[in-house]
Each structure stands twice: as C-alpha cells, then as structure tokens.
Amino acid sequence: MKFLFDNCVSINAVEALRALLKGKHIEILHLTDRFLPNTSDEVWLTELGNEGDWVIISADPRITHGKAEKAAWKSCGLTVFFYMMVGQAQIYITKHPT
C-alpha cells in the first residue's frame, strides 16, 4: 500500500509515521520526497493517478474548491482523505472521486 502526504502535512509527522511503520510493507511519502515543493496539485495528482494504487492524505482545501485542482483530483481516480482543524477538533473527510 502506498500513501502520499501533501505539503499541508508536516514532513516531521510523515517521518515519524514512516518510522512507526518500518518493515510493514507500506510506502509512506511526503510530497517533497517525489516532487518539488512548488509542484502544482494538478501535476502530482495526475502523475500519481497514472501510476495508480496511491492513497493521498491532504489538508489542502484548494483541491476540493479550486477549479483546476478539483478537476485533477476527480480525474486521477485515487482515494483522497482530507482533514481540517475546526477550533480544537479535527474533522476527517473521506473523498472518493466520482
């Protein structure tokens, strides 16, 4: 299984998760492990969609609201988990493109 965390998730959190899951046959990457930090959402979503088998973890509201970002997300065919902070609570939203 392969997971990619976007730039809205701390690199330190991804490294900690990677250390916890070491040896579990799970690939954990931060966006910057594969792409330049300023790579547009459309580019990396399309590339990972072409590869398939990725689960994206994001806190980036532009992916669900921006016209180009939303189109890339819906066409990539990947499962994306969005989460956000509301006050002191964390809200997790699972999105599957249709």
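Heads up, the working numbering is the position in the sequence shown plus 1005, with the first residue counted as 1.
Even glycine gets a Cβ: it sits at the ideal position worked out from N, Cα and C.
With respect to the 8 Å criterion, ILE1016 and ASP1046 are not classified as neighbours on the basis of their beta carbons.
Its chain contains PHE1010, ILE1033, HIS1035 as the residues whose beta carbon lies nearer than 7 Å to that of VAL1019, once the 5 sequence neighbours on both sides are disregarded; these appear in chain order.
Straight-line spacing of the CA atoms in ALA1064 and ASN1055 works out to 22 Å.
For ASP1038 and HIS1070, the gap between their C-alpha atoms comes out near 25 Å. Runs of the beta strand (DSSP E) lying entirely within the region 1014-1065, each at least 3 residues long, are 1032-1035, 1059-1063 in chain order.
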